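Undergrad: Below is a structure I'd like to ask you about.
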Amino acid sequence: MASTPVIETSRLSKTYGSGSRQTLALDNLSMTVNRGEVFGFLGPNGAGKTTTIRLLLDLIRPSSGSARILGMDARDDSVDIRRRIGFLPAELNLWPGRTGNQIIYYMASVRGDSKGIVKHADELAEQLKLDTTKRVRDLSSGNRRKLGLVLAMMHEPELLILDEPSSGLDPLMQQTFHEMMQGYRDKGKTVFLSSHVLSEVQAICDRAGILRDGDLKAVETIDKLTNVEFRWVNVRFRDAIPDGLTAELRQSDAISQLDLNGSQATMRLLGDFDPLLRIIGQGYVEDLRVEEPSLEDIFLAFYSSEEGGR
Amino acid sequence: MTNGVILANTLRTSWKQVLYWGLGMGVLGVYIVFISSNSDIVEGYAKLFESLPPAVLQAFGASDAALFSSTEGWVVSIFVSEASLILSIQAVLAGLNIAANEEQSGIMDMIMSMPISRTQFILEKTIAYALITLGIILCCVAFPVLSLIAFGVDADIGAVASSILNLYPGLLLVTVVTSLLTTILRRRSVAIGLAAAFVIGSYIFNVIGNAASGAVADLMQQLSFFYHASGEAIIAGTFNPTGTIGVIVIVAICFAASISMFNRRDLGL
Chain X
0 MASTPVIETS RLSKTYGSGS RQTLALDNLS MTVNRGEVFG FLGPNGAGKT
50 TTIRLLLDLI RPSSGSARIL GMDARDDSVD IRRRIGFLPA ELNLWPGRTG
100 NQIIYYMASV RGDSKGIVKH ADELAEQLKL DTTKRVRDLS SGNRRKLGLV
150 LAMMHEPELL ILDEPSSGLD PLMQQTFHEM MQGYRDKGKT VFLSSHVLSE
200 VQAICDRAGI LRDGDLKAVE TIDKLTNVEF RWVNVRFRDA IPDGLTAELR
250 QSDAISQLDL NGSQATMRLL GDFDPLLRII GQGYVEDLRV EEPSLEDIFL
300 AFYSSEEGGR
Chain Z
0 MTNGVILANT LRTSWKQVLY WGLGMGVLGV YIVFISSNSD IVEGYAKLFE
50 SLPPAVLQAF GASDAALFSS TEGWVVSIFV SEASLILSIQ AVLAGLNIAA
100 NEEQSGIMDM IMSMPISRTQ FILEKTIAYA LITLGIILCC VAFPVLSLIA
150 FGVDADIGAV ASSILNLYPG LLLVTVVTSL LTTILRRRSV AIGLAAAFVI
200 GSYIFNVIGN AASGAVADLM QQLSFFYHAS GEAIIAGTFN PTGTIGVIVI
250 VAICFAASIS MFNRRDLGL
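Listed below in structure tokens is the structure:
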């Protein structure tokens, strides 16, 4: 028998405002997140990621549709659900005059077993190198984020809902965070995280959904989603680009969207680097930069290939 | 249903309000009692007030100049009228502290990610601020009463204490009305404006009711919580608890409505 999905939404919609000022933030979202997976919710700012999360937590109410978390109704059983989940909002606001320890103790008290929870919070704080004796107002944005992670994870919830979790964390801490999420998955727990950073989702998620303008465009495994073989390449030559080299760049099947500007060339490279290196080797290359595709690029590439395949 | 953690936490983080407001009002009470201990001053004021028209007398917090002839009448008229106005500000602030401030600052998302219901949140926070206001009122009672004893002033201490305690239902009303407004309107600035209008309007209704005569003026006065919070009737021995009970019933209705509204709407900005 298949286990109950940890998150299950059915035609979930949310509209803000009324009359002519009405905005559709989420449109008929139907999806499932299974136990033991790290699910990424990808989309640009304003796509509806935070709205979805706030609906799951019963902070806002749906205009239509429903959601079930851990087999319970997101609205009717919200208190029981929140007992079993941890949450980190995108914009973390806490009582500025209180110390990390005071907030940890308060939230642990509300959750019940404060002794055990506080002990685990201390372990998490140590792992994240967070000083919990400082007042919130004295913490940097990165350290506030760490405190938010401690608060979300200290009671070892079955489901973690994280909204843009690693924004503000330095690269080393991002790595620690990724390891923590993998450890979480290894324990059979579930993580639902939203992000607009593809590399983050790529690093830790098993599956991801792409949300755009409130509409879920796709839910795919990370391998399938990120299996696009192109990069953006920027080449700066010492001198003006020779005509012959320009012609070869234009003729290459691997290169598209070529933009020439004096001694610089920007292009979209499909496949291996070798054909490009052979062409640009004719000139003196001062600088070569490669950028991974943006979320939007992936999105467009994914869809153009899907449509092409039909 | 309620485990009391939010109540205890609110009291732990807000007890200083009792100290500051209580001390401030207590000093005012001591000052008024100190003046009342000088019979020449009280007699002088009584003669002055007897010569004033009702509308001007009302500005000093009394509708009957005869009240100023007794020490307890003098203390209650001056102190209760000033305390009711000043503590109305505290009551509005308490109403904002129930939900609006944490919602405005974005902390509500973290609070409501914990396993507590919206009803429990409003219930425990309202009880906490009701207790804080009670603490302030008890300071308001204690300082004048102890001063009357300390200065050896001959006054009906029971009447003075009862008159000051009678402020409590009215202040609770201001708190729950403010809380209700914030649960309906979400925008704190609009709620503050309307709560201020409620307090000022209530004060003006009481002034007009005292100064004018007729059915309309009487009705306006009955609608004012300042009228029901006034200790004059207690001092005069004509206190009818119906008005106070009415205020408590309205407090209960507003409280239930604020829970209902908070349960219905989206949280956060």
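Protein chains in written order, with numbering that gives the first Met the number 0: chain X, 0 to 309; chain Z, 0 to 268.
Every residue gets a Cβ at the ideal spot worked out from N, C-alpha and C, and that includes glycine.
These figures come from a predicted structure and were not determined experimentally.
Helix, strand or coil for Ala256(Z), going by three-state DSSP, please let me know.
TA: Translated into positions along the second sequence, residue 256(Z) becomes position 257. Note: Ala256(Z) maps to helix in three-state DSSP.
Undergrad: Pull up the distance between the alpha-carbon of Pro4(X) and that of Ser166(X), whole angstroms please.
TA: The residue labelled residue 4(X) in the question sits at position 5 within the first sequence. The residue labelled residue 166(X) in the question sits at position 167 within the first sequence. Distance between the alpha carbons of Pro4(X) and Ser166(X): 28 Å.
Undergrad: Taking Ser201(Z) and Phe225(Z) to be in contact with their CB atoms under 8 Å, please state how far apart those CB atoms are, rounded to whole angstroms.
TA: Counted from its first residue, the second sequence places residue 201(Z) at position 202. Counted from its first residue, the second sequence places residue 225(Z) at position 226. Contact flag correct, Cβ pair sits at about 6 Å.
Undergrad: Considering only DSSP beta bridges, list what Val289(X) is partnered with.
TA: For the purposes of this step, residue 289(X) is identified with residue 290 of the first sequence, where counting begins at 1. For Val289(X), which the question treats as bridged, DSSP gives the partners Val232(X).
Undergrad: Going by DSSP in three states, Met0(X) sits in which element: helix, strand or coil?
TA: Taking the first residue of the first sequence as position 1, residue 0(X) is located at position 1. Residue placement at Met0(X) is poorly supported in this model, since its pLDDT is 48, which falls under 50; the coordinates are not used for a value here.
Undergrad: Any residues in the region 180-211 of chain X with a beta carbon nearer than 7 Å to a beta carbon of chain Z? Which ones, in chain order?
TA: none
Undergrad: Please go through the same chain and pick out, in chain order, the residues whose beta-carbon is closer than 7 Å to the beta-carbon of Gly28(Z), but skip the five residues on each side of it.
TA: As a first step, residue 28(Z) is located in the second sequence; it is residue number 29 there, counting from the start. Only Phe78, Cys139, Phe142, Pro143 and Ser146 meet the Cβ criterion.
Undergrad: Just grab the DSSP bridge partners of Lys216(X) for me.
TA: Reading the first sequence from its first residue, position 217 is the one you call residue 216(X). Bridge partners of Lys216(X): none, in fact.
Undergrad: Quick check on Asp258(X): does DSSP put it in helix, strand or coil?
TA: Here residue 258(X) corresponds to residue number 259 of the first sequence, with the count starting at 1. It is a strand residue.
Undergrad: How big is the Cα-Cα spacing for Ala120(X) and Phe197(Z)?
TA: Within the first sequence, numbered from 1, the residue matching residue 120(X) stands at position 121. Within the second sequence, numbered from 1, the residue matching residue 197(Z) stands at position 198. Here the alpha carbons of Phe197(Z) and Ala120(X) stand approximately 46 Å from one another.
Undergrad: Counting only beta-carbon separations shorter than 8 Å, does Phe86(X) have a partner in chain Z?
TA: Counting from one through the first sequence, the residue named residue 86(X) turns up at place 87. With 8 Å as the cut-off, Phe86(X) counts as an interface residue toward chain Z.
Undergrad: Let me see if you follow: with CB-CB separation under 8 Å, is Val17(Z) close to chain X or not?
TA: Against the second sequence, residue 17(Z) aligns to sequence position 18. No - not a single Cβ of chain X is within 8 Å of the one on Val17(Z).
Undergrad: Measure the C-alpha to C-alpha separation of Ile156(Z) and Glu71(Z) and round it to an integer number of angstroms.
TA: Taking the second sequence and counting its residues from 1, the one referred to as residue 156(Z) is at position 157. Taking the second sequence and counting its residues from 1, the one referred to as residue 71(Z) is at position 72. Roughly 7 Å between the two C-alpha positions.
Undergrad: Asn226(X) versus chain Z: which residues are under 7 Å apart at the beta carbon?
TA: Stepping through the first sequence from its first residue, residue 226(X) is reached at position 227. Under the 7 Å cutoff, chain Z gives no residues; its nearest Cβ is about 36 Å from Asn226(X).
Undergrad: Using only the alpha-carbon positions, how far apart do Val32(Z) and Ser69(Z) sit?
TA: Residue mapping note: residue 32(Z) aligns to position 33 of the second sequence, counting from 1. Residue mapping note: residue 69(Z) aligns to position 70 of the second sequence, counting from 1. The alpha-carbon atoms of Val32(Z) and Ser69(Z) are separated by roughly 12 Å.
Undergrad: Measuring only between beta-carbons, confirm whether Ile115(Z) sits less than 8 Å from chain X.
TA: On the second sequence, position 116 is the one that residue 115(Z) refers to. True, the Cβ-Cβ gap to chain X drops below 8 Å.
Undergrad: Mind checking Ala239(X): buried by the 16 CB within 10 Å criterion, or exposed?
TA: In the first sequence, counting from the first residue as 1, residue 239(X) sits at position 240. Its Cβ having fewer than 16 others within 10 Å, Ala239(X) is exposed.
Undergrad: Please name the residues in the region 25-53 of chain X whose beta-carbon is closer than 8 Å to at least one beta-carbon of chain Z, in chain order.
TA: Arg53
Undergrad: Would you mind telling me which residues of chain Z sit closer than 7 Å to Glu90(X), beta carbon to beta carbon, in chain order?
TA: Here residue 90(X) refers to the residue found at position 91 when the first sequence is read from its first residue. The contacting residues are Gly105.
Undergrad: Residues in its own chain within less than 7 Å of Met0(Z) by CB, not counting five upstream and five downstream?
TA: Counted from its first residue, the second sequence places residue 0(Z) at position 1. Low confidence applies to Met0(Z): its pLDDT is 44, below 50, so where it sits in the model is not reliable, and the reading given next is rough at best. Around Met0(Z): Gln119.
Undergrad: Beta carbons nearer than 9 Å to chain Z: which residues of the region 51-70 of chain X have them?
TA: Arg53, Leu56, Asp57, Leu58, Ile59 and Arg60
Undergrad: Determine, using beta carbons only, whether Ser112(Z) comes closer than 8 Å to chain X.
TA: The residue given as residue 112(Z) occupies position 113 in the second sequence. Ser112(Z) counts as touching chain X.
Undergrad: Using the beta-carbon of each residue, which ones in chain X are nearer than 7 Å to Asn8(Z)?
TA: In the second sequence, counting from the first residue as 1, residue 8(Z) sits at position 9. The answer, in chain order, is Tyr105.
Undergrad: When Cβ atoms are compared, which residues of the region 127-157 of chain Z fall closer than 7 Å to chain X?
TA: none
Undergrad: Is there a Cβ from chain Z that is less than 8 Å from the Cβ of Trp94(X)?
TA: Translated into the one-based positions of the first sequence, residue 94(X) becomes position 95. Output row for Trp94(X): interface = yes.
Undergrad: Give the residues of chain X in contact with Val4(Z), contact being defined as C-beta atoms less than 8 Å apart.
TA: Within the second sequence, residue 4(Z) is the residue found at index 5, counting from 1. Neighbours of Val4(Z) on chain X, chain order: Tyr105, Ser108 and Val109.
Undergrad: Report buried or exposed for Ala154(Z), applying the criterion of at least 16 other Cβ atoms within 10 angstroms of its Cβ.
TA: As a position in the second sequence, residue 154(Z) is number 155, starting the count at 1. Per the 10 Å Cβ criterion, buried.
Undergrad: Is the separation between the beta-carbon of Val200(X) and that of Gly39(X) shorter than 8 Å?
TA: Counting from 1 along the first sequence, the entry for residue 200(X) is found at position 201. Counting from 1 along the first sequence, the entry for residue 39(X) is found at position 40. Contact: yes.
Undergrad: For a quick check, are the C-beta atoms of Gly208(Z) and Ser223(Z) less than 8 Å apart?
TA: Locating residue 208(Z) in the second sequence gives position 209, counting from the first residue. Locating residue 223(Z) in the second sequence gives position 224, counting from the first residue. Cβ distance < 8 Å, so Gly208(Z) and Ser223(Z) count as in contact.
Undergrad: Should Gly42(X) be labelled buried (16 or more other beta-carbon atoms within 10 Å of its own) or exposed?
TA: What you label residue 42(X) is simply residue 43 of the first sequence in a count that begins at 1. Buried, since its Cβ has 16 or more Cβ neighbours within 10 Å.
Undergrad: Is the distance from the Cβ of Gly134(Z) to the Cβ of Val250(Z) below 8 Å?
TA: Start at 1 with the first residue of the second sequence, and residue 134(Z) comes out as number 135. Start at 1 with the first residue of the second sequence, and residue 250(Z) comes out as number 251. No, they are not a contact pair.
Undergrad: Would the beta-carbon of Thr14(X) fall within 8 Å of that of Gln21(X)?
TA: The residue labelled residue 14(X) in the question sits at position 15 within the first sequence. The residue labelled residue 21(X) in the question sits at position 22 within the first sequence. Yes. Within cutoff.
Undergrad: What residues from chain Z crowd round Arg82(X), counting only those whose CB sits closer than 9 Å?
TA: Counted from its first residue, the first sequence places residue 82(X) at position 83. Ordered by position in chain Z, the residues that pass the 9 Å Cβ test against Arg82(X) are Met113 and Pro114.
Undergrad: Please report how far the alpha carbon of Gly236(Z) lies from the alpha carbon of Phe48(Z), in whole angstroms.
TA: Along the second sequence, read from residue 1 onward, the residue named residue 236(Z) stands at position 237. Along the second sequence, read from residue 1 onward, the residue named residue 48(Z) stands at position 49. Pairing Gly236(Z) with Phe48(Z), the inter-Cα distance amounts to about 21 Å.
Undergrad: When the distance is taken between beta carbons, is Ser9(X) closer than 8 Å to Gly319(X)?
TA: Residue 319(X) cannot be examined here, being either before or after the span of chain X that is shown, 0 to 309.
Undergrad: If we define contact as Cβ-Cβ less than 8 Å, is Met260(Z) a contact residue for chain X?
TA: The sequence position of residue 260(Z) within the second sequence is 261, counting from 1. Judged by the 8 Å Cβ criterion, Met260(Z) is not in contact with chain X.
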